[in-house]
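Engineer:
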Amino acid sequence: MNSPPKIGVVSCSGEGCVEGTLSRVATRFVLERLRSDNTVTICLPLFLTGEKGERMFAKYFPTIAVDGCEKKCAEKAIEKYSGKTAHSIVVIDLLNEWNVEKPGSRRNRLTRPPCPKHRTARWFLWECTSSTPMCSCAL
Amino acid sequence: LTELIFIIPCSGIGKAFGTISREATYQVVEDLRKGETDTLCLSLLVIGDEDSNHLVQSHRCIAIDGCPLECAKKNLQLAGAKLTTNFRVIDLLKEHRSLKPKNITFLDQEGRELAKLLADQIAAKIDELNRGEINS
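Protein sequence lines, in the order shown, are assigned to chains A and B. Position 16 of the first sequence, counted from 1, bears residue number 17 in the working numbering, the numbering being contiguous throughout. Position 29 of the second sequence, counted from 1, bears residue number 14 in the working numbering, the numbering being contiguous throughout.
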């Protein structure tokens, strides 16, 4: 049986802003839990400092850029060094669209994986921002 | 008034090393040496953002890398930064072989211990820099 085609998910991983933390953790969620069978990633700085192989990334895989802010570093780096992205997501735009306040800290305060029942964007944001768990399913 | 020092961790999300480098950085800039230090997105240096390049060229910087590929250090060098020193999580692991961090998204206890050890080392280095014990 053929394995499913791989899709690249590349996070800006922005360490300087909280939206970068959200982009990074959301990307890990996709890789580890939501679509673990058919997703791969690459560390963004490798586009500049890595070998030719890293720059071929977007040529090997249809790639989704996950950016924290409007500077869109992931999308720009992928398209500058590797190839056209298949899709682009910007966290700050989603927060505005959902009318959700951004978390106050850049640290990843999540301490537990999402429960299957509440595995939603709202759960993810709640757990990132609040010291009180939204649900007790996985406690 | 001491000059702000920028601490730039790697952006690695494939192993626990990158998570440890970021957690250690946040412990320093938000707790241990708050006000003396700050961080910025490594990805801004990757795309050649002018404001970020200017910041790292005009302030002392410390690179915190997860693995031997040293993306933070190399990107800072390419940006012409005032790089004073660098740390690697992989070296810390060699010094503390009993600690074996596994989780990437959620640091486990051993990952958190390594991050704390690294944060203390970074804070000590900042004190040395501010006392002028290291050429900057």
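Just so it is clear, CB atoms sit at the ideal spot from N, CA and C, and this is done for glycine as well. Predicted model only: the values in this text are computed from it and were never measured.
Please state if the CB of arginine 108 of chain A and the CB of cysteine 18 of chain A are separated by a distance shorter than 8 angstroms.
Structural biologist: Against a cut-off of 8 angstroms, the Cβ pair of arginine 108 of chain A and cysteine 18 of chain A comes out as no contact.
Engineer: Considering only residues of the stretch 66 to 117 of chain B, which uninterrupted beta strand (DSSP E) runs meet the minimum length of 3 residues and lie entirely inside it, listed in chain order?
Structural biologist: Here the runs fully enclosed are 67 to 73.
Engineer: Give me the subset of the stretch 45 to 70 of chain A whose CB atoms are less than 9 angstroms from a CB atom of chain B, sorted by chain position.
Structural biologist: Within the stretch 45 to 70 of chain A, the residues whose Cβ lies closer than 9 angstroms to some Cβ of chain B are Leu45, Pro46, Leu47, Phe48, Leu49, Thr50, Gly51, Asp68, Gly69, Cys70, listed in chain order.
Engineer: Enumerate in chain order the residues of its own chain whose CB-to-CB distance from proline 5 of chain A is below 7 angstroms, with the five nearest sequence positions on each side excluded.
Structural biologist: Within the same chain, proline 5 of chain A has close Cβ partners Asp38, Asn39.
Engineer: I believe isoleucine -10 of chain B touches leucine 114 of chain B by the beta-carbon criterion, under 8 angstroms. Please report the beta-carbon distance rounded to the nearest angstrom.
Structural biologist: The Cβ separation is near 6 angstroms, so the contact holds.
Engineer: Going by beta-carbon coordinates alone, are alanine 64 of chain B and asparagine 38 of chain B separated by less than 8 angstroms?
Structural biologist: Against a cut-off of 8 angstroms, the Cβ pair of asparagine 38 of chain B and alanine 64 of chain B comes out as a contact.
Engineer: Residues in the stretch 75 to 86 of chain B with C-beta within 8 angstroms of chain A's C-beta atoms, listed in sequence order?
Structural biologist: Residues: none.
Engineer: Could you say which of B/Arg97, B/Gly33, B/Ile47 lies nearest to proline -6 of chain B if we only look at CA atoms?
Structural biologist: Measuring from the Cα of proline -6 of chain B, the nearest candidate turns out to be B/Ile47.
Engineer: Alpha carbon to alpha carbon, how far is serine -4 of chain B from isoleucine 79 of chain A? Give it in angstroms, no decimals.
Structural biologist: Rounded to whole angstroms, isoleucine 79 of chain A to serine -4 of chain B spans 15 angstroms at the Cα level.
Engineer: If you follow the alpha helix (DSSP H) that cysteine 46 of chain B is part of, which residue opens it and which one closes it?
Structural biologist: From DSSP, cysteine 46 of chain B is part of no alpha helix (DSSP H) but of the beta strand (DSSP E) over 45 to 50.
Engineer: Would you say arginine 108 of chain A lies against chain B (beta-carbon separation less than 8 angstroms)?
Structural biologist: At least one chain B Cβ lies under 8 angstroms of arginine 108 of chain A.
Engineer: For proline 53 of chain B, does the count of other Cβ atoms within 10 angstroms reach 16, so buried, or fall short, so exposed?
Structural biologist: Label assigned to proline 53 of chain B: exposed.
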